[in-house]
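**Student:** Residue numbers (the numbering used here): 32 to 105. Backbone N, C-alpha and C define an ideal beta-carbon position, used for all residues, glycine too.
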Amino acid sequence: MNTANINIRKDNMPDTISALMLMQKCLMSELNRKQSDLSLNGYEVGHLRNQNKMLEQQIACMINMVRNFESPMN
């Protein structure tokens, strides 16, 4: 899952946030499925958790960018 190619512009921020949240949902679904199958080794758990953390940070960043665009200029 590569999020490096996501274009961030004011006009596509809602779609970008939705895409990042969908990616996070898919990632968590994969993590839960693999954990329930007991087929996940320690490296895979760490890798998926790191990806999830990165997505959470990107979502928070996008939300902050939207708030900054929406706030009045002083």
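Count the other CB atoms, across all protein chains shown, that sit within 10 Å of the CB of Q55; report buried if there are 16 or more and exposed otherwise.
**Tutor:** For the purposes of this step, residue 55 is taken as the residue at position 24 of the sequence shown. Q55 is buried by the Cβ-count criterion.
**Student:** Between E87, F100 and N99, which lies nearest to S49 when the distance is taken from Cα to Cα?
**Tutor:** Numbered from 1 along the sequence shown, position 18 holds the residue referred to as residue 49. Of E87, F100 and N99, the residue nearest in Cα terms is E87.
**Student:** Can you grab the Cα-Cα spacing for the pair C57 / A91, in whole Å?
**Tutor:** Numbered from its first residue, the sequence shown carries residue 57 at position 26. Numbered from its first residue, the sequence shown carries residue 91 at position 60. If you take the alpha carbons of C57 and A91, they lie about 18 Å apart.
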